[in-house]
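Q: Submitted below is the structure of interest, expressed as structure tokens.
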Amino acid sequence: MAVEAIRDAIVGKIVEKCIDPIMRQFQYLFCYRSNVETLRNGIKKLEQTRTEVQRLVDAATNNGEEIKPIVTDWLRQAYDLEKEAHTTISDGMETVKADRLPKEEMMLKNISERANLMKLDTFLHWGKCH
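Straight run, no breaks: the sequence shown in my numbering ends on number 130.
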């Protein structure tokens, strides 16, 4: 009984420390298309929201209203995030077109990882709440 508990604890730690990180890296490769598609959809939502906010800011400015710094900061950050997302996608397209050598496979993984980490929905939600 005690031997089994010790064995399970050791095997559990090996899986946690060695196998899980490796599987996560493969997951980025296998989920590349899904991550990039999610990023594309997020970019569209962000562009639409940024355009709408910019339209409201322009209308308020034309009416002589003062625009809060948090709004102009959000617009700037939204623009920067859009640019970064477009760069991530275009990097991915160039890599997919190339012959896929091991180095390019790692680039695909990195691009997929970046696409997955760019939480545009969180940024959009933050902008709508403020």
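Idealized CB from N, CA, C, for every residue including glycine. This one's a predicted model, so the numbers in the text were calculated from it and none came from an experiment.
So, helix, strand or coil for N63, using DSSP?
A: As a first step, residue 63 is located in the sequence shown; it is residue number 63 there, counting from the start. If DSSP states are grouped into helix, strand and coil, N63 belongs with coil.
Q: Figure out for me which residue from T72, K83, R33, L39 has the closest Cα to the Cα of Q54.
A: As a working mapping, residue 54 is identified with position 54 in the sequence shown. Checked all of T72, K83, R33, L39; the closest Cα to Q54 is T72.
Q: What separation, rounded to the nearest whole angstrom, lies between the Cα atoms of R50 and C31?
A: The residue given as residue 50 occupies position 50 in the sequence shown. The residue given as residue 31 occupies position 31 in the sequence shown. Straight-line Cα distance between these residues: approximately 28 Å.
Q: Going by DSSP in three states, K44 sits in which element: helix, strand or coil?
A: Taking the sequence shown and counting its residues from 1, one reaches residue 44 at position 44. Residue state, collapsed to three classes: helix.
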